[in-house]
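By the count of numbering that gives the first Met the number 0, the sequence shown reaches residue 462 at its end, each step adding exactly one.
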Amino acid sequence: MRNKSVSAAIDENIMRCTREHKMLDGCSGILVGFSGGADSTALLHWLAGYCAEHSVRLVALHVNHGIRGDEAKRDEQFCRDFCKSRGIEFVCRTADVPALAKSSGRSIEEAARDVRYSAFEEVAQSLGADRIATAHNADDNLETVIFNLVRGTGTTGLAGIPPVRGKIIRPLLYCEKSQLISYCHENGLEFVEDSTNVDPSYTRNYIRREIIPRLRHINPAACRNALRMSRALREDAETLSRLACHHSLADGRAKLAELDSSLLSRVIAREFAEYSGGLTLEAVHIDAAIDHIRSPRAHFALSLPGKIRLVCDRDTLALRPDPRRRAEPPEHFSVTLVPGINRLPRGMLLLLCGDRGDLAEYIKEYKNIYKFFIQAFLRSDRIFGVLSAELPRGSAKMRVRGMSRTVKNLFAERRLTRAERMRTVMICDEKGPLWIPGVAVRDGCEAQPDDRENTLILVHFFV
Numbered sequence: 000m001r002n003k004s005v006s007a008a009i010d011e012n013i014m015r016c017t018r019e020h021k022m023l024d025g026c027s028g029i030l031v032g033f034s035g036g037a038d039s040t041a042l043l044h045w046l047a048g049y050c051a052e053h054s055v056r057l058v059a060l061h062v063n064h065g066i067r068g069d070e071a072k073r074d075e076q077f078c079r080d081f082c083k084s085r086g087i088e089f090v091c092r093t094a095d096v097p098a099l100a101k102s103s104g105r106s107i108e109e110a111a112r113d114v115r116y117s118a119f120e121e122v123a124q125s126l127g128a129d130r131i132a133t134a135h136n137a138d139d140n141l142e143t144v145i146f147n148l149v150r151g152t153g154t155t156g157l158a159g160i161p162p163v164r165g166k167i168i169r170p171l172l173y174c175e176k177s178q179l180i181s182y183c184h185e186n187g188l189e190f191v192e193d194s195t196n197v198d199p200s201y202t203r204n205y206i207r208r209e210i211i212p213r214l215r216h217i218n219p220a221a222c223r224n225a226l227r228m229s230r231a232l233r234e235d236a237e238t239l240s241r242l243a244c245h246h247s248l249a250d251g252r253a254k255l256a257e258l259d260s261s262l263l264s265r266v267i268a269r270e271f272a273e274y275s276g277g278l279t280l281e282a283v284h285i286d287a288a289i290d291h292i293r294s295p296r297a298h299f300a301l302s303l304p305g306k307i308r309l310v311c312d313r314d315t316l317a318l319r320p321d322p323r324r325r326a327e328p329p330e331h332f333s334v335t336l337v338p339g340i341n342r343l344p345r346g347m348l349l350l351l352c353g354d355r356g357d358l359a360e361y362i363k364e365y366k367n368i369y370k371f372f373i374q375a376f377l378r379s380d381r382i383f384g385v386l387s388a389e390l391p392r393g394s395a396k397m398r399v400r401g402m403s404r405t406v407k408n409l410f411a412e413r414r415l416t417r418a419e420r421m422r423t424v425m426i427c428d429e430k431g432p433l434w435i436p437g438v439a440v441r442d443g444c445e446a447q448p449d450d451r452e453n454t455l456i457l458v459h460f461f462v
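This is the structure:
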């Protein structure tokens with residue numbers, strides 16, 4: 000039997016969160032990220048009851064990151080057994096996160112997150128799930144706020160974890176970690192402990208184990224108060240961002256100088272991100288740009304990160320390459336792709352989505368920023384593992400029109416100029432090259448544009 004007090008509190012918090020943010024409205028299928036920890040175990044257990052009552056398909060996805068050896072295999076087996084004993088559909092994906100982190104120059108934490116979300120999107124698309132549920136809770140939100148605060152952030156970073164982002168929902172955001180552990184114990188739910196969660200060398204672990212308990216000592220309601228603050232800041236940030244979308248550098252210096260700093264800063268940050276291919280500005284750069292725009296000088300050239308300058312000629316403002324700091328193109332890059340927008344080197348952008356409605360919105364938003372775009376419809380059942388975007392390697396091979404061809408030969412066949420090759424990217428899965436925009440698709444992987452099932456859509460934007 001459930002302990003009514005704990006179950007009632009969890010039920011109330013989850014239902015309030017899902018209702019306020021319309022997480023489950025019209026839902027027909029839910030994919031749950033299931034690590035086997037207390038949070039995801041509680042979420043899967045609660046959703047199993049909800050889905051059975053409302054005739055919603057439920058699937059659990061476990062991602063083995065290849066980090067903890069035998070312990071990771073133990074967790075995978077635990078998740079598999081847990082689902083089997085309860086009649087819950089189970090899917091597992093495996094990745095070599097340390098290798099991905101090394102090749103991309105990112106931390107283990109960042110690479111693991113990218114792998115998880117890429118797997119979420121791929122499996123949700125293949126199964127037709129219209130929601131992806133993750134087990135982020137109130138403690139995770141406070142942890143994120145502190146992490147962003149220490150690293151340096153504005154209101155967007157202090158807004159914490161969004162309850163909903165596209166298909167992704169976070170029903171546990173109003174629940175605290177201690178509640179979820181009690182829920183598991185009192186419902187007889189076993190769960191596993193991840194040994195990396197106690198390693199203080201990971202910044203978030205230090206915040207979780209050292210900082211948050213001290214904040215709770217000051218005020219036991221620290222997590223709830225952080226949630227309220229995050230919600231207020233998120234609503235303010237969303238409103239300001241919508242207002243800022245009505246302005247651009249093309250408005251001219253005089254008009255922009257009259258904007259409130261909260262709007263002007265967002266205009267500058269957005270324009271720079273779009274021009275640079277996803278780079279971000281620190282507060283010091285944004286403040287300097289605002290000061291220059293409002294200064295009495297008729298002409299200026301302000302150096303910004305990424306070898307870019309903000310140039311002013313009387314009332315005309317524009318972002319331009321800095322001729323004194325010419326950037327050499329990277330010899331190699333490998334970017335793990337996640338659902339939505341992926342910023343690539345050389346000012347390129349790669350969209351990964353599974354919904355044609357999302358596709359139309361993205362193209363509408365970006366087609367006026369980028370001169371060109373190429374799209375491909377690929378069969379998700381022919382894609383193996385995690386997708387990545389890489390600099391084309393001439394020696395790489397892919398099967399095209401029944402023959403194994405090198406990328407070098409494919410480029411020669413298409414008679415691509417050096418400039419065209421410089422703005423080309425190679426999309427790969429674990430089997431190798433999958434799609435080179437404007438050049439070739441691996442045999443058997445192309446879907447028909449009117450195929451609504453098992454289709455992954457990729458769009459390559461470039462200048």
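Note that the Cβ used here is the ideal one computed from N, Cα and C, for glycine as well.
Quick caveat: nothing in here was measured; it's all calculated off a predicted structure.
Reference residue i; option with closest CA among the options
i: residue 179; options: 74, 134 and 154; result: 134
i: residue 190; options: 258, 37 and 120; result: 37
i: residue 117; options: 98, 88, 338 and 246; result: 338
i: residue 204; options: 408, 280 and 146; result: 146
i: residue 141; options: 206, 380 and 30; result: 206
i: residue 278; options: 322, 342 and 310; result: 342
i: residue 256; options: 91, 217 and 292; result: 292
i: residue 139; options: 109, 122, 160 and 130; result: 160
i: residue 137; options: 242, 226, 237 and 250; result: 226
i: residue 143; options: 404, 20 and 222; result: 222
i: residue 232; options: 152, 457, 39 and 421; result: 152
i: residue 411; options: 17, 438, 308 and 284; result: 438
i: residue 287; options: 304, 272 and 274; result: 304
i: residue 429; options: 383, 361 and 407; result: 383
i: residue 9; options: 45, 39, 33 and 30; result: 45
i: residue 251; options: 217, 267 and 241; result: 267
i: residue 487; options: 380, 272 and 298; result: In the structure as shown, the chain begins at 0 and stops at 462. Residue 487 is therefore absent and cannot be evaluated.
i: residue 299; options: 414, 79 and 319; result: 319
i: residue 51; options: 72, 87, 248 and 246; result: 87
i: residue 157; options: 401, 234 and 34; result: 234
i: residue 385; options: 39, 4, 67 and 119; result: 119
i: residue 63; options: 174, 35, 7 and 240; result: 35
i: residue 176; options: 65, 41, 409 and 285; result: 41
i: residue 361; options: 459, 442, 74 and 406; result: 459
i: residue 403; options: 441, 376, 445 and 413; result: 441
i: residue 70; options: 220, 400, 443 and 193; result: 193
i: residue 248; options: 236, 264 and 294; result: 264
i: residue 90; options: 99, 101, 76 and 107; result: 76
i: residue 514; options: 83, 228, 73 and 454; result: Nothing can be reported for residue 514: it is not among the residues displayed for the chain, which extend from 0 to 462.
Sheet register partners of residue i (DSSP bridge)
i: residue 212; result: Answer by DSSP bridge pairing: none, since residue 212 is not bridged.
i: residue 176; result: DSSP lists no partner for residue 176.
i: residue 445; result: 377
i: residue 391; result: Partner(s): none; residue 391 has no beta bridge.
i: residue 454; result: 378
i: residue 432; result: 427
i: residue 414; result: In DSSP, residue 414 forms no bridge with anything.
i: residue 130; result: 29
Residue i: first and last residue of the uninterrupted alpha helix (DSSP H) it sits in
i: residue 60; result: No alpha helix (DSSP H) holds residue 60; the beta strand (DSSP E) holding it covers 56-63.
i: residue 483; result: Here the chain has residues from 0 to 462 only, and residue 483 is not among them.
i: residue 82; result: 69-85
i: residue 438; result: Segment: none, residue 438 is in no alpha helix (DSSP H) and carries neither H nor E.
i: residue 398; result: Here residue 398 belongs to no alpha helix (DSSP H); instead the beta strand (DSSP E) covers 396-399.
i: residue 258; result: It is not in any alpha helix (DSSP H) - residue 258 carries neither H nor E in the DSSP assignment.
i: residue 52; result: 37-53
i: residue 523; result: Only positions 0 to 462 of the chain appear in the structure, and residue 523 is not among them; the question remains open.
i: residue 110; result: 107-126
i: residue 204; result: 202-205
Start and end residues, beta strand (DSSP E) containing residue i
i: residue 89; result: 88-93
i: residue 427; result: 425-428
i: residue 467; result: Look at the range of the chain in this structure, 0 to 462, and you will see that residue 467 is not part of it.
i: residue 403; result: 402-405
i: residue 350; result: 348-352
8 Å Cβ cutoff, residue i in contact with chain C
i: residue 438; result: Looking for chain C here will not work: only one protein chain is present.
Residue i Cβ short of 7 Å to the ligand ZN heavy atom set
i: residue 212; result: No copy of the ligand ZN appears in this structure; indeed no ligand is present at all.
- Message: Could you tell me which whole beta strand (DSSP E) segments of length 3 or greater appear in the segment 264-340?
- Response: 298-303, 307-312, 315-320 and 333-335
- Message: With a threshold of 8 Å, are at least 3 pairs of Cβ atoms found where one atom belongs to the segment 387-394 and the other to the segment 420-427?
- Response: yes
- Task: Kindly provide the ranges of any alpha helix (DSSP H) runs that are 4 or more residues long and lie completely inside the segment 132-171, ordered along the chain.
- Result: 137-150 and 154-157
- Item | Segment contact, 8 Å Cβ cut-off, at least three pairs: the segment 305-314 with the segment 86-102 | no
- Three CB pairs or more closer than 8 Å across the segment 112-130 and the segment 55-63: yes
- Contact between the segment 12-24 and the segment 159-174: three or more CB pairs below 8 Å? yes
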